[in-house]
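Counting from 94, one number per residue, gives the positions in the sequence shown under the working numbering. Glycine included, each C-beta is placed from N, C-alpha and C at the ideal position.
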Amino acid sequence: MIGDNQRDIQAAKNFGCTSVLISRNEKSPTDLGQDFTVHSAIEAADLITK
Numbered sequence: 094m095i096g097d098n099q100r101d102i103q104a105a106k107n108f109g110c111t112s113v114l115i116s117r118n119e120k121s122p123t124d125l126g127q128d129f130t131v132h133s134a135i136e137a138a139d140l141i142t143k
């Protein structure tokens with residue numbers, strides 16, 4: 094599951110999914126317990142397709 098906030102990451106955990114946080118700028122959260130962190134949707138797509 095890809096998201097940009099705590100609610101998205103928690104939903105992924107609740108369903109047993111791998112979580113990917115999109116952290117777009119320095120004000121974005123960085124440690125929400127996600128499995129991976131990326132900085133754009135394109136980077137997330139690259140991660141998923143590997």
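Check: For I102 and G109, believed in contact at Cβ under 8 Å, the rounded distance; Outcome: With a Cβ gap of about 13 Å, G109 and I102 do not count as contacting.
Check: Residue of F129, T123, D124 minimising C-alpha distance to M94; Outcome: F129
Check: Sequence-distant residues of the same chain with beta carbon closer than 8 Å to P122, five excluded per side; Outcome: N98, Q99, L114, S116
Check: DSSP-derived helix/strand/coil call for A114; Outcome: Sequence inspection shows Leu at residue 114; the Ala mentioned does not correspond to that position. If DSSP states are grouped into helix, strand and coil, L114 belongs with the strands.
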